[in-house]
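This report concerns only the one structure given below.
Protein chains: 4
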Amino acid sequence: MTLRVTIWNEGRHEKTNAAIAALYPNGLHGAIAEGLRAHGYDTRTATLDEPEHGLTDDVLATTDVLTWWGHIAHGDVQDEIVEKVFQRVLNGMGLIVLHSGHFSKIFKKLMGTSGNLKWREIGEKERVWCVNPAHPIADGIPDHFDIERSEMYGEPFGIPEPDSLVFVSWYQGGEVFRSGACFYRGLGKVFYFSPGHETYPIYYHPTVLKIIANGVKWAAPTAGPAIEVANRPQPLENIVVKAE
Amino acid sequence: MTLRVTIWNEGRHEKTNAAIAALYPNGLHGAIAEGLRAHGYDTRTATLDEPEHGLTDDVLATTDVLTWWGHIAHGDVQDEIVEKVFQRVLNGMGLIVLHSGHFSKIFKKLMGTSGNLKWREIGEKERVWCVNPAHPIADGIPDHFDIERSEMYGEPFGIPEPDSLVFVSWYQGGEVFRSGACFYRGLGKVFYFSPGHETYPIYYHPTVLKIIANGVKWAAPTAGPAIEVANRPQPLENIVVKAE
Amino acid sequence: MTLRVTIWNEGRHEKTNAAIAALYPNGLHGAIAEGLRAHGYDTRTATLDEPEHGLTDDVLATTDVLTWWGHIAHGDVQDEIVEKVFQRVLNGMGLIVLHSGHFSKIFKKLMGTSGNLKWREIGEKERVWCVNPAHPIADGIPDHFDIERSEMYGEPFGIPEPDSLVFVSWYQGGEVFRSGACFYRGLGKVFYFSPGHETYPIYYHPTVLKIIANGVKWAAPTAGPAIEVANRPQPLENIVVKAE
Amino acid sequence: MTLRVTIWNEGRHEKTNAAIAALYPNGLHGAIAEGLRAHGYDTRTATLDEPEHGLTDDVLATTDVLTWWGHIAHGDVQDEIVEKVFQRVLNGMGLIVLHSGHFSKIFKKLMGTSGNLKWREIGEKERVWCVNPAHPIADGIPDHFDIERSEMYGEPFGIPEPDSLVFVSWYQGGEVFRSGACFYRGLGKVFYFSPGHETYPIYYHPTVLKIIANGVKWAAPTAGPAIEVANRPQPLENIVVKAE
């Protein structure tokens, strides 16, 4: 079955910054959606300024994997929508958090940490290294690749220890960053991937898009309804407990 | 330096249930505090119905490790206090979450998950097995020990994959549970330990107390102020990045 | 592409024990192979007493995932073959180690630990619980299922902390066991799954077969040759390091 | 109790290379031993060319933590001694593997992987970043520090996913490396730490020595004999299993 991916984008930079609008004429979401479509996914987009941020109950219910890009307007995302996305992840929807989404409400809520990091924006080179080549998100990816101009994100990064760490980035200015990290949450899976600054053409980079596409495949729901993680009383089942 | 431990307890059962009050005449907090004092810690207690739940800024600032027991009144814990405890953990205070604390606001916030589990209260036997004997929390603990009457907590448990899984419990009625689990969060460490139902004398069990005491030692802050996990811009430092 | 699975079996019990031969007329390997074929894999078998234990260079080179069952003759497996299997795993072949394979040379070599465990053979009930329902190996599996008569395997189990722990078993006699555990090794993936005693019809149990089938899918090689984990000198690449 | 640390060194470079002998007049082991003694440990040294490589049964039995440095003579270490060290680690002795020890027999045996990595020796700058500031090995360490001239070690590094990843190094020439990594093995703990090339004064660097000292403390044995990881039959214990 074709995976259904919803590309969520804050979408504010594109409205107010001509250079960004020129670089991403269909928005960051448009570029990502097109890149993922080329990998065979059924993609649609949603943005902050749509009603319910474009994430209606129906959209969430029919989304296998949601990607999330936000930056300057994290505070404008309604708590009620964040709660719905959170519950959908715990119930199996995959979530790919991109770049400055490290500071989004949904990411911090799922991590249980600050999301803090260092940053520097001088257009330096980033070199992304794979540290777990057996991981499905590394499928077809070289052991390293360069992003010629990138925003630096540096450690210590306020996340829990990843369940799998797949990529670590090197920056020309002297920092490293855990740039590709996987987390299990309930029935859902979360992949954080840091490359993707709004002022650089990173979402046209074929390796970046391939990694996000691999992330979608990895984060796709398993099983359907076989297991429920519920808080509930449990009867005895086929076991006799005797008073002794 | 003697570790300073604050034992937090909801403290409601003891006020309304005569059997529990008789079993724990000084409250669950009193029993735990006495048990930890015997291991050489500097202990004090705090309860829900004190002003600020007994967790004033001064108390939190002078607490190395906080233990948390709550059950029927999770909703009465003020969000502002939860936020303060959360920030203190991210800044290095250890946290030991006990038994029904799996459903407390602070635990769910730090985990980023539901805290859901199965339960059954028929006084069945629990056998606690150690699965990581090299871990400091297993120090001096036998490979298994029995709790003659316990409340059953069963999988799937809505937590992230632990950074270290130390104990797994067996229940007479047919369930298993990840009963001792460690998590890193920012500069802080969190240990969840499930044994400890209010209607059984579990907090007088010497092995249970030894495990909690080991947990305190493991969760104690490191380093003091050497590292800060902050969101901040980062200047270039001893590195020359040249335009090419 | 259809995954190519080689089912390896020691195959000695079937030759000397009439009851086992009656239960598994085509060998344990025959039952597993048939069970996996029903899941759409291209299966073949190999056994200890074949030349090169049936694991020639050609067989290994054309195997995506190898399953391993051994018990009384671990010592008869030639070190040279073990080394070849080890290298193939590090280069991407998946490996599923079953039941008493916990004490095989290849498993202990890949784990770096003893493989030790407790055991008891009285035909007691085993109940297998899923503790990571988001994991692909849990796909379509209920939150628990019973094996009516099983050999008990108990903790502490001499393995490293799993990279993902998917199943934990409960035994009627009082033990627990990490019965489904995943490990990354080089480009390869290893899944250990404990149910499968030779005197019980466990390899006809549809849920057991489904879990092994899921394990094959999870352990399948990624990427092919994109990444090599090699010990080698590294030239400078697109980076200018200047004397300062 | 004062921890007893044995500093093991191959000790060959110092005999054949005048520059190294001048830099480390008491050998690499001498420098490390002196550095650890300053942290309050009871230290002694052992080298490859002593009888039994200086690792007699008595020495191993009275060692809490062993540190290991080797490079050009890994093949000269007797398998019998490696096996003894391996068994001691599984029974609780801590092991700190340093720098080119990544390719030692004992490290590869405990990891179950290749130990492969990239390297380059041009004296470039290494910057070590802490990625888990809550870990006891990060105690008192700044969030990063520089080693002015170092040998580069690069990813992908042929190790399992660490149980805790504490440090990641940045190199001027464009690589990253998981330079501080923790692993549980049986009752023992293993810490790999990469800085430490024989031609640079790295074992006089106070932060490097502090990290190794922290590693010793973390890797120290717990509990003594409380738990044994043994392969053995298990009787029923306080549990009645009834035929149904």
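Residue numbers (our numbering), protein chains in the order written: chain X, 870 to 1113; chain P, 870 to 1113; chain D, 870 to 1113; chain U, 870 to 1113.
Glycine included, C-beta positions come from ideal geometry on N, C-alpha and C.
Pull the bridge partners of residue i from the DSSP assignment, please.
| i | result |
| --- | --- |
| G1057 (chain X) | X:R1054 |
| V1045 (chain U) | U:W1039 |
| T912 (chain X) | X:V874 |
| G946 (chain D) | First, the amino acid is wrong: residue 946 (chain D) is Val here, not Gly. BP columns for V946 (chain D) are empty, so no partner. |
| L1078 (chain X) | Paired residue(s): none; L1078 (chain X) is not in a bridge. |
| W938 (chain U) | U:N878 |
| R1101 (chain X) | P:K987 |
Looking only at its own chain, which residues have a Cβ that is under 7 Å from the Cβ of residue i, when we skip the five neighbours before and after it?
| i | result |
| --- | --- |
| M851 (chain X) | Only positions 870 to 1113 of chain X appear in the structure, and residue 851 (chain X) is not among them; the question remains open. |
| L967 (chain P) | T936, W937, W938, F1062, G1065 |
| R873 (chain U) | D911, T931, T932, D933 |
| H943 (chain D) | F972, S973, K974 |
| P1094 (chain X) | No answer about P1094 (chain X) holds up, because its pLDDT of 49 lies below 50 and its placement is not dependable. |
| E1017 (chain X) | K994 |
Can you list the residues of chain D that residue i reaches, using a CB-CB cut of under 8 Å?
| i | result |
| --- | --- |
| S1019 (chain P) | Within chain D, no residue comes near S1019 (chain P); the closest Cβ sits about 14 Å away, beyond 8 Å. |
| E1030 (chain P) | N1001, S1033, L1034 |
How about residue i and residue j: do their beta carbons lie closer than 8 Å?
| i | j | result |
| --- | --- | --- |
| G904 (chain X) | Y1072 (chain X) | yes |
| N1001 (chain U) | L1034 (chain U) | yes |
| V997 (chain U) | K974 (chain U) | no |
| S1019 (chain X) | H1066 (chain X) | yes |
| V1059 (chain P) | V928 (chain P) | no |
| P1031 (chain U) | F1052 (chain U) | yes |
| E995 (chain U) | P1064 (chain U) | yes |
| L924 (chain D) | R881 (chain D) | no |
| F1026 (chain X) | C999 (chain X) | no |
| A1089 (chain X) | G963 (chain X) | yes |
| D1012 (chain X) | I1096 (chain D) | yes |
| T1068 (chain X) | A888 (chain X) | yes |
| P1005 (chain D) | N895 (chain D) | no |
| T885 (chain D) | A1003 (chain X) | no |
| I941 (chain U) | I1081 (chain U) | no |
| V1098 (chain P) | G1055 (chain P) | yes |
Less than 6 Å between C-beta atoms, sequence neighbours within five positions excluded: which residues of the same chain meet that for residue i?
| i | result |
| --- | --- |
| I1028 (chain P) | M980, T982 |
| A1112 (chain U) | Low per-residue confidence applies at A1112 (chain U): pLDDT is 48, beneath 50, and the placement is therefore not dependable, though the value from the model is reported in the following sentence. None. |
| A1050 (chain U) | P1031, L1034, Y1061 |
| T914 (chain D) | I876, H898, A902 |
| H922 (chain X) | I950 |
| H869 (chain D) | As shown, chain D starts at 870 and ends at 1113. That puts residue 869 (chain D) outside it, with no answer to give. |
In chain U, what lies closer than 9 Å to residue i by C-beta?
| i | result |
| --- | --- |
| R1047 (chain X) | V1000, L1034, V1037 |
| E1044 (chain X) | R996, W998, H1013, W1039 |
Can you pull the chain U residues whose beta carbon is under 8 Å from the beta carbon of residue i, in chain order?
| i | result |
| --- | --- |
| G1055 (chain P) | P1002, A1003 |
Can you name, in chain order, every residue of its own chain whose Cβ lies under 8 Å from the Cβ of residue i, other than the five neighbours on each side?
| i | result |
| --- | --- |
| K978 (chain X) | V951, F955 |
| R906 (chain D) | T912 |
| M870 (chain P) | none |
| D948 (chain U) | K974 |
| I991 (chain D) | M1021, G1042 |
Determine the chain U residues that contact residue i at a beta-carbon separation under 7 Å, and present them in chain order.
| i | result |
| --- | --- |
| V1098 (chain D) | S983, N985, P1025, G1027 |
| K1058 (chain P) | A1003 |
What does residue i touch in chain X if you count any residue whose Cβ is under 9 Å from its own?
| i | result |
| --- | --- |
| F1052 (chain P) | G981, P1029, E1030 |
| E949 (chain P) | Simply none; closest approach about 16 Å. |
Taking Cβ-Cβ distances shorter than 9 Å, what residues in chain D pair up with residue i?
| i | result |
| --- | --- |
| P1102 (chain U) | K987, W988, R989, E990 |
| K1129 (chain U) | In the structure as shown, chain U begins at 870 and stops at 1113. Residue 1129 (chain U) is therefore absent and cannot be evaluated. |
By the criterion of Cβ-Cβ separation under 7 Å, what are the contact partners of residue i in chain X?
| i | result |
| --- | --- |
| I1108 (chain P) | G1042, G1043 |
| E903 (chain P) | Here the premise fails: no neighbours, minimum Cβ distance about 30 Å. |
Kindly list, in the order they appear in chain P, the residues whose Cβ is closer than 7 Å to that of residue i.
| i | result |
| --- | --- |
| L935 (chain X) | Within 7 Å Cβ-Cβ: nothing; L935 (chain X) doesn't reach chain P, min ~16 Å. |
List, from N- to C-terminal side, the beta strand (DSSP E) runs of 3 residues or more that fit wholly inside the stretch 948-1036 of chain U.
963-967, 987-999, 1013-1023
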